[in-house]
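Notes follow the structure.
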Amino acid sequence: MVSSDPQSLSGKRILLVVGGGVAAYKALELVRRLRERGAFVRVVLTAAAARFVTPLSFASLSGERVYEDLFSLTDEQEMGHIRLSREADLVVVAPATAHLLARMAQGLADDLATTLLLATDKRALLAPAMNLRMWLHPATQRNVATLRGDGALFVGPDDGEMACGEFGPGRMAEPLAIVAAIEAALRGDTVLPPPVAGQGRLAGRHVLVTSGPTREPIDPARFLSNRSSGKQGHAIAAAAAQAGARVTLVSGPVEIADPKGVATRHVETAQQMLEAVEAALPADVFIGAAAVADWRVEPSADKIKKGASREPPTLVLRENPDILASVAQRREGRPALVVGFAAETRDVLLHAQEKLARKGCDLIVANDVGAGVFGADSNEVHLVSRAGLASWPRLDKTEVAARLIAHIADTLGETP
Ligand code: C5P
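Going left to right, the sequence shown walks through residues 3 to 418 as the working numbering numbers them.
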């Protein structure tokens, strides 16, 4: 998991080799995350990488000059390639394309990137990214096995939607997962995330998460629902699994994939979500990230007809069970930590404090949903607890998830 220590990589020197794939843009984000944690990052681009992202972007983000050319006299005068490869604590290749993996496995040294990878005396951590057929191809798998045998470490690839529209393994690991792998590699861990069961700060804990909207049927064709995408709740479940927890995710209907390593239960209505949550208890932590529909209607068995002469039908709304409050207020088997979300369009903090008290939970993650949060990749949240308030800047939802899980691990303490 990502360390909650903001300076977890302080003074560490990372040599980042960027290969030529669509995922190269994510390497920019990786540089930012590494710099945030106090690392020095020196970037080397392959010729193909420089066609996807500019050296200037990397130079601005890393605060260092960017290296591309093996035969540039200036580069050799300022810093020989041997020194460049040795002055790092870790060499990271992200994205590691099929071609770059093949060249590495063969020991080729036909450009600056591969020469450095051959000349280095440090470990290499590789984040593959390619089309799923290329990843699954026996040639690539052979190269991966060879590189593993040579001591290379791997993070990812993840399952997911590719830039080419296909779905499967081959997506580069998210920048924060690469950061976690870098932290682990620098600690000397040879097994990188996803962590082996039983390791991590939430090892031995059961974390139960709700995510997505609920869907309340009106008739066989229609329903009431909301705009929740499930991105935040799913990212939280993934981050908890990354921290070594056993995770159960109860998800309403969403368009995104089940997180890896998480037991996911799919439900539609609030009533079904409540039942699935109760069936999954006991848990050490409950995180209610779902946007549960507040109301339901008594559904009609047949499709409600428009009929020319009839008045429009009236929907009689009935209140749905409050899943968060019912978990927080359990007399027996209440999770040690109950976390709710507050999506508000105004007076966010005021409502969050009121919700904390009314629902009886320990922590409210509050956000302003007026500002295009539904379906977006980033979120700006405030943590409201009885101990006080913490406000985080606008962050990627995966970063919010990683920080929230780190905060939860801090709160629970290290011992189960
Ligand atoms: O009351 P409100 O819907 O604003 O509260 C939001 C929080 O309560 C979220 O954590 C949501 O998951 C949870 N909730 C719930 N069941 C409901 C309504 C909200 O668990 N019926």
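Backbone N, C-alpha and C fix where the C-beta goes; we use that ideal spot for every residue, glycine too.
Check                                                                                                                           : Outcome
Sequence-distant residues of the same chain with beta carbon closer than 7 angstroms to Thr142, five excluded per side          : Ala100, Leu103, Met136
Exposure of Leu17, with buried meaning 16 or more beta-carbon neighbours within 10 Å                                            : buried
Pair within 8 angstroms by beta-carbon distance, Pro171 and Leu134                                                              : yes
Simplified DSSP state of Glu31, which is helix, strand or coil                                                                  : helix
Pair within 8 angstroms by beta-carbon distance, Glu70 and Ala96                                                                : no
Host alpha helix (DSSP H) of Asp412 (start-end)                                                                                 : 399 to 414
Identity of the residue in Arg312, Ala205, Asn369 nearest Glu382 by Cα                                                          : Asn369
Which listed residue (Gly263, Gly23, Val249, Ala278) has its alpha carbon closest to that of Ala50                              : Gly23
From Glu346, Val294, Ala378, Gly290, residue whose alpha carbon lies closest to that of Val1                                    : It is not possible to answer for residue 1, since the shown part of the chain is limited to 3 through 418.
Uninterrupted alpha helix (DSSP H) stretches inside the stretch 95 to 173 (no shorter than 4 residues)                          : 100 to 108, 114 to 121, 134 to 138, 140 to 151
Lys233 Cβ short of 7 angstroms to the ligand C5P heavy atom set                                                                 : no
Burial state of Leu11 (16 or more Cβ within 10 Å)                                                                               : buried
Close-in-space but distant-in-sequence residues of the same chain around Val157 (CB under 7 angstroms, 5 per side omitted)      : Leu127, Ala129, Ala175, Ala179, Ile180, Ala183, Leu194, Pro195
Where Ala259 falls: helix, strand or coil (DSSP)                                                                                : coil
Helix, strand or coil at Pro323 [DSSP, three-state]                                                                             : coil
Distance cut-off 7 angstroms: Leu326 Cβ against heavy atoms of the ligand SAH                                                   : This structure lacks the ligand SAH; its bound ligands are the ligand C5P.
Residue range of the unbroken alpha helix (DSSP H) whose run includes Tyr279                                                    : It is worth fixing the name first, because residue 279 is Val in this sequence and not Tyr. Here the alpha helix (DSSP H) through Val279 covers 272 to 282.
Alpha-carbon to alpha-carbon, Glu257 and Val198                                                                                 : Low confidence applies here, because Val198 scores a pLDDT of 37, under 50, leaving its location unreliable and the question unanswered by this model.
Contact test: Gly167 Cβ vs the ligand C5P heavy atom, cutoff 7 angstroms                                                        : no
Burial state of Thr347 (16 or more Cβ within 10 Å)                                                                              : exposed
Heavy atom of the ligand C5P within 7 angstroms of Val294 beta-carbon                                                           : yes
For Glu218, the residue or residues it bridges with in DSSP                                                                     : Leu226
Residue burial classification, Gly393 (beta-carbon count within 10 angstroms, cutoff 16)                                        : Looking at the sequence shown, residue 393 is not Gly but Ser. Result: exposed.
Residues bridged to Leu385 (per DSSP)                                                                                           : Val367, Ala392
Bounding residues of the alpha helix (DSSP H) (the contiguous stretch that carries Arg85)                                       : 83 to 88
DSSP bridge partner residues for Ile16 (one or two, in chain order)                                                             : Val43, Leu92
Burial state of Gly200 (16 or more Cβ within 10 Å)                                                                              : In this prediction, Gly200 has a pLDDT of 46, which is less than 50 and means its spatial position is unreliable; what the coordinates show is noted afterwards. Exposed: under 16 other Cβ atoms inside 10 Å.
Near the ligand C5P: Ala131 beta-carbon under 7 angstroms from a heavy atom                                                     : no
Residues of its chain near Val264, where Cβ-Cβ distance is below 7 angstroms and the 5 sequence neighbours each way are ignored : Ala239, Ala240, Ala243, Val249, Leu251
Neighbourhood of Thr1 by C-beta distance below 7 angstroms, restricted to the same chain and skipping five residues each side   : Coverage of the chain is limited to positions 3 through 418, which leaves residue 1 absent and any answer about it impossible.
Heavy atom of the ligand C5P within 7 angstroms of Lys357 beta-carbon                                                           : yes
Ala223 versus Val299 - alpha carbon distance                                                                                    : 14 angstroms
Beta-carbon proximity of Leu406 to Cys363, cut-off 8 angstroms                                                                  : no
Terminal residues of the beta strand (DSSP E) in which Ser2 lies                                                                : The chain is shown from 3 up to 418; residue 2 falls before or after that span and cannot be answered.
Bounding residues of the alpha helix (DSSP H) (the contiguous stretch that carries Val181)                                      : 177 to 189
Exposure label - Thr48; buried when at least 16 CB within 10 Å                                                                  : buried
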